Amino acid sequence: MEQFEMLKTWAETNVESVMFYILATISIPLAYGVILDRAIIRSGFILIGVFGSICGFFLLLQAQFLALAQLMIYAVGITLVIVIALMLTNPRMEKAQLSTASPANQLGAFMVAVGLFMTIYLSVRPENWTLSSEPLDTANVEVLGRALTTDYSLPFEFASVLLLAALIGAVMLAKADKPPKPGEDDYEYSVVDDGPTAGDARPEKEPVASGR
Amino acid sequence: MRNGAEILKLGTLTITWWCIIFGAVWIACYLVGVALPMMLSSYDSDMARMTAETLKALTPILSVLVFIPINAMFMVLIERRALAIFTVRLGPNRVGPDGYLQTAADAVKLLFKEDITPHGADAFMFTLAPIVFFAPSIFGAMPLLAAVTNYHELFQIVNLPTGIFFILAASSVPVVGIVMGGWASNNKYSLVGGLRSAAQAISYEIPLVLSLVTICLLAGSLDVVQIAKQQSGGILNWNILGGGALRGLDAALALKFSNSAASLQQLSAMSPEQVIKSSYVEPTMAALGLAAGQESMATIIAVIAVLVLIGATFIAYGLYMTGACAEINRIPFDLPEAESELVSGYNTEYSGIKFAIFFLAEFTNLFIVASIAAVMFLGGGDCPVPAWLGNALGGPQLASVINQVLNPLIQIKLVDPPTLFAAIWVILKVYSIVFFAVLIRGTLPRFRIDQLMDFGWKRLIPLSLIVFLLVVFAREFVNVHVGS
Amino acid sequence: MTSSTDKATQDQTQGVFYAIAYAIATMFVVGAYATGSLDNFVQYAGLAPILESWQLKDYTELLAFILIVLLGSTVALLGGQTSIIMAVGTVGSFFALTLNQHPLIQYLTLAAVLFAIGLYGMVVSRNAVRVLMSIELMLNAVNINLVAFARYVDPVQVKGQLFAIFVITVAAAEAAVGLAIVLSIYRNTSTVDMERFNLLKW
Numbered sequence: 045m046e047q048f049e050m051l052k053t054w055a056e057t058n059v060e061s062v063m064f065y066i067l068a069t070i071s072i073p074l075a076y077g078v079i080l081d082r083a084i085i086r087s088g089f090i091l092i093g094v095f096g097s098i099c100g101f102f103l104l105l106q107a108q109f110l111a112l113a114q115l116m117i118y119a120v121g122i123t124l125v126i127v128i129a130l131m132l133t134n135p136r137m138e139k140a141q142l143s144t145a146s147p148a149n150q151l152g153a154f155m156v157a158v159g160l161f162m163t164i165y166l167s168v169r170p171e172n173w174t175l176s177s178e179p180l181d182t183a184n185v186e187v188l189g190r191a192l193t194t195d196y197s198l199p200f201e202f203a204s205v206l207l208l209a210a211l212i213g214a215v216m217l218a219k220a221d222k223p224p225k226p227g228e229d230d231y232e233y234s235v236v237d238d239g240p241t242a243g244d245a246r247p248e249k250e251p252v253a254s255g256r
Numbered sequence: 010m011r012n013g014a015e016i017l018k019l020g021t022l023t024i025t026w027w028c029i030i031f032g033a034v035w036i037a038c039y040l041v042g043v044a045l046p047m048m049l050s051s052y053d054s055d056m057a058r059m060t061a062e063t064l065k066a067l068t069p070i071l072s073v074l075v076f077i078p079i080n081a082m083f084m085v086l087i088e089r090r091a092l093a094i095f096t097v098r099l100g101p102n103r104v105g106p107d108g109y110l111q112t113a114a115d116a117v118k119l120l121f122k123e124d125i126t127p128h129g130a131d132a133f134m135f136t137l138a139p140i141v142f143f144a145p146s147i148f149g150a151m152p153l154l155a156a157v158t159n160y161h162e163l164f165q166i167v168n169l170p171t172g173i174f175f176i177l178a179a180s181s182v183p184v185v186g187i188v189m190g191g192w193a194s195n196n197k198y199s200l201v202g203g204l205r206s207a208a209q210a211i212s213y214e215i216p217l218v219l220s221l222v223t224i225c226l227l228a229g230s231l232d233v234v235q236i237a238k239q240q241s242g243g244i245l246n247w248n249i250l251g252g253g254a255l256r257g258l259d260a261a262l263a264l265k266f267s268n269s270a271a272s273l274q275q276l277s278a279m280s281p282e283q284v285i286k287s288s289y290v291e292p293t294m295a296a297l298g299l300a301a302g303q304e305s306m307a308t309i310i311a312v313i314a315v316l317v318l319i320g321a322t323f324i325a326y327g328l329y330m331t332g333a334c335a336e337i338n339r340i341p342f343d344l345p346e347a348e349s350e351l352v353s354g355y356n357t358e359y360s361g362i363k364f365a366i367f368f369l370a371e372f373t374n375l376f377i378v379a380s381i382a383a384v385m386f387l388g389g390g391d392c393p394v395p396a397w398l399g400n401a402l403g404g405p406q407l408a409s410v411i412n413q414v415l416n417p418l419i420q421i422k423l424v425d426p427p428t429l430f431a432a433i434w435v436i437l438k439v440y441s442i443v444f445f446a447v448l449i450r451g452t453l454p455r456f457r458i459d460q461l462m463d464f465g466w467k468r469l470i471p472l473s474l475i476v477f478l479l480v481v482f483a484r485e486f487v488n489v490h491v492g493s
Numbered sequence: 019m020t021s022s023t024d025k026a027t028q029d030q031t032q033g034v035f036y037a038i039a040y041a042i043a044t045m046f047v048v049g050a051y052a053t054g055s056l057d058n059f060v061q062y063a064g065l066a067p068i069l070e071s072w073q074l075k076d077y078t079e080l081l082a083f084i085l086i087v088l089l090g091s092t093v094a095l096l097g098g099q100t101s102i103i104m105a106v107g108t109v110g111s112f113f114a115l116t117l118n119q120h121p122l123i124q125y126l127t128l129a130a131v132l133f134a135i136g137l138y139g140m141v142v143s144r145n146a147v148r149v150l151m152s153i154e155l156m157l158n159a160v161n162i163n164l165v166a167f168a169r170y171v172d173p174v175q176v177k178g179q180l181f182a183i184f185v186i187t188v189a190a191a192e193a194a195v196g197l198a199i200v201l202s203i204y205r206n207t208s209t210v211d212m213e214r215f216n217l218l219k220w
């Protein structure tokens, strides 16, 4: 019984960090999967897993709203658009599509990445910040909404202008130049890309433009 | 006349299956959530207490897990029978008494079928796809359970302050499963189905979310329990009728029709006209800054605002149903699995238990979008008859009779009357919406993919934005749910 | 032909075997660090004064990290599966570097790891869409930082979460425009290879 109580108190104090390490053990290999998997479409799906685990981190940090926004916008919206773009630009579904960079470049990149990580790691110290031990209100959606519409309303408006510009720009960029083809009335619905399995080009463009 | 007999058969079938489904869920919940903890409480030890708490906490997820498979069987059966009636056929009527067990037999068949992974497919993704498609619907249903059970303590723990947003996030995940399955099948029809599904889901999610955001704006909350609670008190308070714009009218009618002096005193000391004035004319005057003499103008503006609110929420309901139909790939938006063009799209290559999971998830999603509609627009577990009308029609006498009949069951905590009645209303509402979806399936032809995109982007999204803006302005002139 | 395939398969199996051996070794190192055995060993071997004289505060952590990296490079040179070794080594060193830290530092370190992975992927990969995916990964690492600060430094006003919302917005716009550019390049050149986007080179 005593052991049971001890276990219970241990779990209560440490459940957050245990969850953190579980999620970290999931997300780091998945992130490697994104950049190293031979089948590029699979790495697109792995990216969804990475974003899902980051959503888990946000839940641990008690940012419910952001976690759910992360799930809706990143894990489903953006990544699906990326996957569709992968399918459009890789019409024959090759497993090993492109060779990666030369070994020398790889080694250089690895050194740079490790150096960057060590620099960041050695420079972050808890003494650098005034840590606050106040508990975070779990229902902080209201705080966020109030801040977005009062103090941060100008950046908010700029963000919407940016999204509109990106929407229009993406539509313009992705739109196929339509050469006039006499005698082919249903050109509008035909496959625009030269890839054999590219699917309909029209529907996929617009989600890209939606900027979700 | 022959049709009438068929409809009667459909009704009997529905009620029988409801008894099976909800009886099973009820008994499971009772055993795990009430009976076992009560038995354990007689032992005085930490272990027993812990176990009891764990059992209570597990009740919501257990009820969902018991509910989903049986419900999917029932929904497949009712869909086939109802479609048969619409197209003047007989439908499945051989297995069991009058075909009641047709889908149970189908389920057994699917479970024993060989599970094939096609040649050249990505086996891991192929297996993961049905799970990704199915798992979110279990989690998505959780906050809804808290909203429809009328503050039953067992189901309160699954409530979240960001409830509706959580449900939306969970219900947006299944499309990943469809794209994954479509790609992993190594089949071009599946791939096209998956791509179509992704494009469709992403486009139609915008009107769906915007229509629900409109309702959240009227309710001033994201919490589904609170949204359901605000709508209590009859059909005039439901969100589909203006999101609380008719509350003043409801209060005035209650004053006018309540005949007992006690209830009059309980409501307020004002006359019906004063109630109307305080809830419609005064907010308008305050919003516009009108002087005391301009009541007639304020009245006109208030009436217009109320009508606009009712129209806007009604359109929002339509937008929600359209977007939801597209989101879960129902006819007329079932392009991802169009049998005649894509040989059933993303699940062409699936068989056996994986196909069964896809099938299960599809019908579960239909049920979940219907229950979101019931909670957000149709008042959750609220009785549509307002209390003043119910009292006039003899509601209290009926309630006391029912309470007396159920009294022995209430004593052993098998029945909790508020939860029971809320559940009955929710079941009626949700299955009416499901039946409506089946009716649409029997009526409308399928869209073409370019028509689908045009309809989504050029019609639905502008319309949902207009509705949103109308509501933003109109709610200033009337007392809506916010702050109540 | 069969023999060459056999040899390739054999090499691969051997590589995976090495990688698994490396994973077990990493687990031992992390375990030794977590239980304090590594610390005791350093004290016993008389290394502690030297390390302290270099002004290294958390020398045991860094020692565990260096051990893991050295082991990893050795196994990789012996012919282990590089991708698995990299993943295992990163997870192991992440554990060693953060186990005794404040939660804020844990999150910041995790974000740094993801950021570095994203940077590496961005430099190494030649598929333009994969470069975009790596950029998304880096943006998400930044988001983790912001939300962690909101939790541990500014829990009242949660400004970090606000900034994260803006980052998500910008990331969405970036993904839309970037993918549109990639699509239009693909339409003109029929390739998404970064090395062949060199029309302006002379």
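Protein chains in written order, with the working numbering: chain A, 45 to 256; chain B, 10 to 493; chain C, 19 to 220.
The C-beta atom is built at its ideal place from N, Cα and C for all residues, glycine as well.
On a predicted model such as this, the values are computed, not experimentally measured, just so you know.
Contacting residues, own chain, Cβ-Cβ under 7 Å from residue i (five flanking each side not counted)
i, result
"L85(C)", "V47"
"A182(C)", "N161, L164 and V165"
"N397(B)", "In the sequence as displayed, the identity of residue 397(B) is Trp instead of Asn. Cβ neighbours of W397(B) beyond the five flanking positions: L262, A263, F266 and S267."
"F113(C)", "V48"
"V317(B)", "L479 and A483"
Through-space distance from residue j to residue i, alpha-carbon basis
i, j, result
"S212(B)", "M462(B)", "8 Å"
"A475(B)", "I310(B)", "A quick correction: the sequence has Ile, not Ala, at residue 475(B). Going by the C-alpha atoms only, they are around 19 Å apart."
"I411(B)", "S87(A)", "60 Å"
"D24(C)", "T31(C)", "10 Å"
"V414(B)", "L407(B)", "11 Å"
"T357(B)", "A132(B)", "15 Å"
"Y96(A)", "K52(A)", "Checking the displayed sequence, the identity of residue 96(A) turns out to be Gly instead of Tyr. The straight-line gap from Cα to Cα measures roughly 28 Å."
"V147(C)", "V210(C)", "8 Å"
"L479(B)", "I319(B)", "11 Å"
"T25(B)", "R90(B)", "14 Å"
"P152(B)", "N374(B)", "15 Å"
"N196(B)", "D232(B)", "43 Å"
"V284(B)", "T223(B)", "26 Å"
"A129(A)", "Q209(B)", "15 Å"
Residue i: contacting residues in chain A (beta-carbon distance under 8 Å)
i, result
"M189(B)", "F89"
Environment of residue i [buried if 16+ CB atoms lie within 10 Å]
i, result
"W54(A)", "exposed"
"S55(C)", "exposed"
"E60(A)", "exposed"
"G100(B)", "buried"
"G302(B)", "exposed"
"I90(A)", "buried"
"Q165(B)", "exposed"
Contacts of residue i in chain B (Cβ-Cβ under 8 Å)
i, result
"M131(A)", "W192, L200 and L204"
Sequence-distant residues of the same chain with beta carbon closer than 8 Å to residue i, five excluded per side
i, result
"Q179(C)", "L164, V165 and A168"
"V157(B)", "A237, S380, A383, V384, G389, G390, A431, A432 and V435"
"S194(B)", "P127, A130, F135, L200, Y355, T357, E358 and Y359"
"V171(C)", "L122 and G178"
"I419(B)", "N412, D425 and P426"
Proximal residues of chain A, C-beta to C-beta of residue i below 7 Å
i, result
"S181(B)", "M116 and V120"
"L126(C)", "V168"
Cross-chain neighbours of residue i in chain B, by beta carbon under 9 Å
i, result
"Q108(A)", "L169, P170, T171, F174 and F175"
Nonlocal neighbours in the same chain, by C-beta distance under 6 Å from residue i, ignoring five residues either side
i, result
"A129(C)", "A159, I162 and N163"
"D57(C)", "T78"
Chain B contact residues for residue i, given Cβ-Cβ distances below 7 Å
i, result
"V127(A)", "V188"
Given 8 Å, three or more beta-carbon pairs between the segment 206-217 of chain A and the segment 188-207 of chain C: yes
Sufficient close CB pairs (3 or more, under 8 Å) joining the segment 108-120 of chain B to the segment 148-166 of chain B: no
Under 9 Å (Cβ pairs) to chain E, residues found in the segment 114-131 of chain B: The structure shown contains no chain E; its protein chains are A, B and C.
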